[in-house]
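Chains as they are written, first to last, in my numbering: chain A, 5 to 115; chain B, 67 to 180.
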């Protein structure tokens, strides 16, 4: 999806391993978000950042940490991965006028 | 917690027919948005309707909003096989602090048969 780049696209972790999901935007938007999508559950908000230097918890923050490194980048870290964190993770951005722009997602499997 | 709930969960129609999906929500909102997701892809923004608007059009899409009933509908006219996707409504609830945090429903899976 134009404007939002997520890496990696796929990842398999063992229980207890850590990893960081990266999100970068080139649209100069202030607000950035991390969602997870599970079958039959829709999207649930993990963390968000309304502007550079600020982060806040969403609906399902447990087991995750985030960093808003600068205006362009917003990373999501799993310190000790658990099978319940198997999901598809989406980064999104918005300027609050025209809706969200989503990245293409990271498909994470924890075994 | 899910704010928006789409209905039906799944819809199968023939090419050329119209498809209607509904969304109900629970709290007061700033706006309501509809997104499309093709299998294995990210979500794509379709249309945004503000709380003071009742109807909005974009190409073959028509969205209505009834804030008194806390409901919205998405109509896709003259559907095509390429419209096959999952459709999500998302609401921007009015909250203290004013940060926008969209809350998504579980989606309607639309299949358009050629």
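Every residue, glycine too, gets a C-beta built ideally from N, C-alpha and C.
**Request:** In the DSSP assignment, find the beta strand (DSSP E) that holds residue 23(A) and state where it starts and stops.
**Result:** 23-29
**Message:** With a threshold of 8 Å, are at least 3 pairs of Cβ atoms found where one atom belongs to the stretch 132-147 of chain B and the other to the stretch 90-103 of chain B?
**Reply:** yes
**Asked** The beta strand (DSSP E) spanning residue 168(B) covers which residue range?
**Response** From DSSP, residue 168(B) is part of no beta strand (DSSP E); its letter is neither H nor E.
**Message:** What does the Cβ neighbour count give for residue 14(A), buried or exposed, with the cut at 16 atoms within 10 Å?
**Reply:** exposed
**Request:** Verify the CB distance criterion: does residue 14(A) have a CB-CB separation below 7 Å to chain B?
**Result:** no
**Request:** Within the stretch 20-89 of chain A, note down every full beta strand (DSSP E) run reaching 3 residues or more, in order along the chain.
**Result:** 23-29, 35-42, 46-53, 68-72 and 78-82
**Prompt:** residue 41(A) and residue 8(A): beta carbons closer than 7 Å?
**Reply:** no
**Request:** State the beta-bridge partners of residue 111(B) as determined by DSSP.
**Result:** 101(B)
**Message:** Would you say the beta carbon of residue 158(B) is closer than 6 Å to some non-hydrogen atom of the ligand FAD?
**Reply:** Only the bare structure without any ligand can be found here, which leaves the ligand FAD out of the picture.
**Message:** Using 7 Å as the threshold, is the C-beta distance between residue 109(A) and residue 171(B) below it?
**Reply:** no
**Request:** Please list, in chain order, all residues of the same chain as residue 5(A) whose beta carbon is under 8 Å from its beta carbon, the five residues on each side excluded.
**Result:** Residue confidence is low: residue 5(A) scores 47 on pLDDT, short of 50, so the model does not pin down where it sits. No coordinate-derived value is stated.
**Prompt:** Distance, Cα to Cα, residue 58(A) vs residue 85(A)?
**Reply:** 24 Å
**Message:** I want to see whether chain B comes within less than 7 Å of residue 146(A), judged by CB atoms only; does it?
**Reply:** Any question about residue 146(A) goes unanswered here, given that chain A covers just 5 to 115.
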